[in-house]
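Participant: The following block contains the structure, expressed as structure tokens.
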Ligand SMILES: Cc1ncc(C[n+]2csc(CCOP(=O)(O)OP(=O)(O)O)c2C)c(N)n1
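Chains as they are written, first to last, in our numbering: chain A, 18 to 360; chain B, 399 to 725.
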């Protein structure tokens, strides 16, 4: 019967998001994945130094909450949020430049391949001290509230980072003052080599919100629609002055902690299990079911994205490194010159 | 004219800066209704309300790191750490976020904020209420570290800190709070960051100090004067970035120098100042660079005789000066 056949495939109404949003979410998922895989390849080819924190597998948890944020909303991200950098709109060429540490890098090559910052889009930079930016991000929310602005902060961290004292101090403060902030815990089950159950004696990390007096919710972090809707609702609440929300997204990273980690502490079956729930494939199936995407369109999109990445990589590989004397800059404001030693 | 105490000068600076610029707000423990354990923030809550004078939970990480965030989005936070002894949890945020924000974003973001820290011994405060630890921050370029010794400087430097574009740690020596009093101008004034003060001109030897030790050095200099020894006393005021020019000029003039600091000797501020003098002014020196410092022990001890045994004083400074002069 045509009627039941139709019911099996959800329509836009059941999904509950406008077509444009779905297209935007899917595009950013695809772009993040494509770029992330490219970075892994480039790193393995020895094209840039340091290491790289891939987020392949957990794109929905960063794209979902970031999509639709205003430029003057703050993104307080950590080391595995390439999806947020892409979605918040840091120009692709500058994301690549960050990884390459070239002169066109936002930080002029001073920090780390995965520490994206871009002031025009409200993205400050993570420090490697885990949960450090959760504290700063909460301070941004405090600043917005003090200035009676309706901006919000979206703060990302892994489940491992929630074990740190500073994390608790920050969310505690946000709870006391009902700050406009949404905390996104990307629970990818592992903190480097340590499983989630060794970070906390609770099953759902969102339970922690209860202790701080605001809502916490655990969701399937590989369901882009669910992640976006949940976060958007929380962002709306935050903007309206109703305080923070902690959203735990259960998800999974396919590769090692960073590219130098073979991740042999995990079982192969675990990885395979999660790949069946892959967020990009699921989004694709949904988009096709809704009639918003065809195979050809998908191929064309990937080609476009790859083309854009090729161009950015090309620009960055040709770009110079900054002069080493740049090391002396950005220490203080212009009033306090730094002593320059000559050796 | 009425004399203003060191702590009143601080209260005035806070009051006036909050009046002047509505972006300025304060956060710290017990700073609201209570007015701070030393009453530095007395009356500010009444005037500016609980939104701008925030009683923080006992969260030193948040007090520092939250202020960084607020500074990023346009506020001018003035945070208070009740005792320097309790700043260790904040170190994470101060060193990793606050001090490096400008650098690690290639100058895109900065942290125009001030952290006030009450510090110092000679008050019988006990081991965990008497530490002075400016040296922990001295080795962190990106930070500005201030430690005034007069009411005028306390007010003027705090205003410069609040108005500036850089992250500042502002140490207040609690021994000076009520002991030091002076007449202050009625009109608005600031004291420039990065400039030392020559407290007393002299010809025979240079004494470099800051904070309580600037006073102890002045006492020593006064005694030496009676014996016909003319000491020049320099008060650093800004610990980082420190005023090499003023100190170097003085050492070039006198050719002898004694450096005085309250904190432990090893790894202290004066270790760097001394090394720099030895490195750059070797030809000018007529005697070894010498130091008078707190003892190299984990912290300032509690029992009064032991506390005074730990601390540099005029007598110790005088002894070392004489040794240097006899060299
Ligand atoms: C304070 C601190 N301790 C340790 C580390 C080393 N480290 C970097 S990432 C990481 C695991 C983080 O796990 P989680 O927060 O769950 O995030 P994920 O890497 O899984 O995204 C560790 C231990 C660090 N960066 N900072």
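We put the beta carbon where it would ideally sit given N, CA and C, even for glycine.
Could you tell me whether the Cβ of residue 432 (chain B) comes closer than 8 Å to any Cβ of chain A?
Facilitator: As a first step, residue 432 (chain B) must be located in the second chain, where it is residue number 34. Not one chain A Cβ lies under 8 Å of residue 432 (chain B).
Participant: What residues match up with residue 425 (chain B) in a beta bridge as DSSP calls it?
Facilitator: Start at 1 with the first residue of the second chain, and residue 425 (chain B) comes out as number 27. In DSSP, residue 425 (chain B) forms a bridge with B:452 and B:477.
Participant: So, is residue 364 (chain A) buried or exposed, given that buried needs 16 or more other C-beta atoms within 10 angstroms?
Facilitator: Since the first residue shown for chain A is 18 and the last is 360, residue 364 (chain A) is missing from the structure and cannot be characterised.
Participant: Residue 203 (chain A) bridges to which residues according to DSSP?
Facilitator: As a first step, residue 203 (chain A) is located in the first chain; it is residue number 186 there, counting from the start. A:175 and A:266, per the DSSP bridge assignment.
Participant: Beta carbons nearer than 9 Å to chain A: which residues of the region 499 to 524 of chain B have them?
Facilitator: Under the 9 Å Cβ criterion, the region 499 to 524 of chain B contributes 499, 500, 501, 502, 503, 504, 505, 506, 507, 508 and 510.
Participant: Less than 8 Å separating the beta-carbons of residue 319 (chain A) and residue 52 (chain A)?
Facilitator: Here residue 319 (chain A) is taken as the residue at index 302 of the first chain, counted from 1. Here residue 52 (chain A) is taken as the residue at index 35 of the first chain, counted from 1. For residue 319 (chain A) and residue 52 (chain A), no; Cβs fall outside 8 Å.
Participant: So, is the C-beta of residue 455 (chain B) closer than 8 Å to a C-beta in chain A?
Facilitator: Residue 455 (chain B) sits at position 57 when you count from the first residue of the second chain. It does: the Cβ of residue 455 (chain B) has a partner Cβ on chain A nearer than 8 Å.
Participant: Would the beta-carbon of residue 658 (chain B) fall within 8 Å of that of residue 628 (chain B)?
Facilitator: Indexing the second chain from 1 puts residue 658 (chain B) at position 260. Indexing the second chain from 1 puts residue 628 (chain B) at position 230. No, Cβ-Cβ distance for residue 658 (chain B) and residue 628 (chain B) is not below 8 Å.
Participant: Taking Cβ-Cβ distances below 7 Å as the criterion, which residues of the region 407 to 423 of chain B are in contact with chain A?
Facilitator: From the region 407 to 423 of chain B, only 423 have a Cβ closer than 7 Å to chain A.
Participant: Starting from residue 516 (chain B), follow the beta strand (DSSP E) in both directions and report where the run begins and ends.
Facilitator: One-based indexing of the second chain puts residue 516 (chain B) at position 118. 512 to 517 is the extent of the beta strand (DSSP E) around residue 516 (chain B).
Participant: Using beta carbons (cut-off 8 Å, strictly below), is residue 468 (chain B) in contact with chain A?
Facilitator: Position 70 of the second chain, counted from the start, is the residue given in the question as residue 468 (chain B). Output row for residue 468 (chain B): interface = yes.
Participant: Restricting to Cα atoms, I'd like to know which of A:150, A:163, A:351 and A:343 is closest to residue 462 (chain B).
Facilitator: By 1-based counting over the second chain, the position of residue 462 (chain B) is 64. Residue A:150 is the option with its Cα nearest to residue 462 (chain B).
Participant: In this structure, does DSSP put residue 244 (chain A) in helix, strand or coil?
Facilitator: Here residue 244 (chain A) is taken as the residue at index 227 of the first chain, counted from 1. Reduced to three states, the DSSP call for residue 244 (chain A) is helix.
Participant: To which residues of the same chain is residue 596 (chain B) closer than 6 Å at the C-beta, ignoring the five residues directly before and after it?
Facilitator: Looking up residue 596 (chain B) in the second chain gives position 198. Result list for residue 596 (chain B): 632, in chain order.
Participant: Going along chain B, which residues have a C-beta under 7 Å from residue 163 (chain A)?
Facilitator: Taking the first chain and counting its residues from 1, one reaches residue 163 (chain A) at position 146. The contacting residues are 423, 449, 468 and 473.
Participant: Scan the region 592 to 680 of chain B and note each continuous beta strand (DSSP E) run of 3 residues or more that stays entirely inside, going in chain order.
Facilitator: 595 to 598, 603 to 607, 629 to 633, 636 to 638 and 655 to 662, all fully within the region 592 to 680 of chain B.
Participant: If I measure Cβ to Cβ from residue 450 (chain B) and keep anything under 7 Å in the same chain, skipping five residues before and after, which residues do I get?
Facilitator: What you label residue 450 (chain B) is simply residue 52 of the second chain in a count that begins at 1. Excluding positions up to five away in sequence, the list reads 416, 423 and 424.
Participant: Drop a sphere of 10 angstroms on the beta-carbon of residue 357 (chain A), count the other beta-carbons inside from all chains shown, and report buried for 16 or more, exposed for fewer.
Facilitator: To locate residue 357 (chain A), count along the first chain from 1; it is residue 340. So residue 357 (chain A) counts as exposed.
Participant: Kindly indicate which residue of B:678, B:409 and B:500 has the alpha-carbon position closest to the one of residue 128 (chain A).
Facilitator: Counting from 1 along the first chain, the entry for residue 128 (chain A) is found at position 111. The shortest C-alpha separation from residue 128 (chain A) is found at B:500.
Participant: Quick check on residue 157 (chain A) - is its C-beta less than 8 Å from some C-beta in chain B?
Facilitator: Against the first chain, residue 157 (chain A) aligns to sequence position 140. True, the Cβ-Cβ gap to chain B drops below 8 Å.
Participant: Is the Cβ-Cβ distance between residue 197 (chain A) and residue 248 (chain A) less than 8 Å?
Facilitator: Position 180 of the first chain, counted from the start, is the residue given in the question as residue 197 (chain A). Position 231 of the first chain, counted from the start, is the residue given in the question as residue 248 (chain A). No; because the gap between Cβ atoms is not below 8 Å, this pair is not in contact.
Participant: Residues in the region 50 to 61 of chain A with C-beta within 7 Å of chain B's C-beta atoms, listed in sequence order?
Facilitator: Residues: none.
Participant: Counting Cβ pairs, one atom from each stretch, are 3 or more of them under 8 Å apart for the region 551 to 567 of chain B and the region 606 to 626 of chain B?
Facilitator: Too few Cβ pairs lie closer than 8 Å, so no.
Participant: Does residue 401 (chain B) pass the burial test, meaning 16 or more other C-beta atoms within 10 Å, or should it be called exposed?
Facilitator: Here residue 401 (chain B) is taken as the residue at index 3 of the second chain, counted from 1. Exposed.
Participant: In three-state terms, what does DSSP make of residue 688 (chain B)?
Facilitator: Within the second chain, the letter at position 290 stands for residue 688 (chain B). Looking at residue 688 (chain B) - three-state DSSP - the assignment turns out to be strand.
Participant: Against chain B, which members of the region 118 to 133 of chain A pass a CB distance test of less than 9 Å?
Facilitator: Result list: 122, 123, 124, 125, 126, 127, 128, 129 and 132.
Participant: Taking only beta-carbon positions, decide if residue 353 (chain A) is within less than 8 Å of chain B.
Facilitator: To locate residue 353 (chain A), count along the first chain from 1; it is residue 336. Chain B, which has a Cβ nearer than 8 Å to the Cβ of residue 353 (chain A), makes this yes.
Participant: Please report how far the alpha carbon of residue 399 (chain B) lies from the alpha carbon of residue 550 (chain B), in whole angstroms.
Facilitator: As a position in the second chain, residue 399 (chain B) is number 1, starting the count at 1. As a position in the second chain, residue 550 (chain B) is number 152, starting the count at 1. Taking the straight line joining both Cα atoms gives about 15 Å.
Participant: Could you please give the first and the last residue of the uninterrupted alpha helix (DSSP H) stretch that includes residue 461 (chain B)?
Facilitator: Here residue 461 (chain B) corresponds to residue number 63 of the second chain, with the count starting at 1. Counting along the chain, the alpha helix (DSSP H) containing residue 461 (chain B) begins and ends at 458 to 470.
Participant: Relative to the alpha-carbon of residue 354 (chain B), which residue among B:649, B:588 and B:525 has its alpha-carbon at the smallest distance?
Facilitator: Any question about residue 354 (chain B) goes unanswered here, given that chain B covers just 399 to 725.
Participant: Among all the DSSP beta bridges, which residues are the ones paired with residue 233 (chain A)?
Facilitator: Position 216 of the first chain holds residue 233 (chain A). Beta-bridge pairing links residue 233 (chain A) to A:263.
Participant: Hey, which unbroken runs of the beta strand (DSSP E) at 3 residues or more fall wholly within the region 524 to 559 of chain B?
Facilitator: Those beta strand (DSSP E) runs which fall completely within the region 524 to 559 of chain B and span 3+ residues are 542 to 544.
Participant: If I measure Cβ to Cβ from residue 684 (chain B) and keep anything under 8 Å in the same chain, skipping five residues before and after, which residues do I get?
Facilitator: By one-based count along the second chain, residue 684 (chain B) stands at place 286. Contacts found: 653, 654 and 725.
Participant: Would the C-beta of residue 94 (chain A) count as close to ligand 1, meaning under 7 Å from any of its heavy atoms?
Facilitator: Counted from its first residue, the first chain places residue 94 (chain A) at position 77. No, the beta carbon of residue 94 (chain A) sits no closer than 7 Å to any heavy atom of ligand 1.
Participant: Taking Cβ-Cβ distances shorter than 8 Å, what residues in chain A pair up with residue 465 (chain B)?
Facilitator: On the second chain, position 67 is the one that residue 465 (chain B) refers to. Within chain A, the residues near residue 465 (chain B) are 156.
Participant: DSSP state of residue 141 (chain A), grouped into three classes?
Facilitator: Locating residue 141 (chain A) in the first chain gives position 124, where the first residue counts as 1. Here residue 141 (chain A) sits in coil by DSSP.
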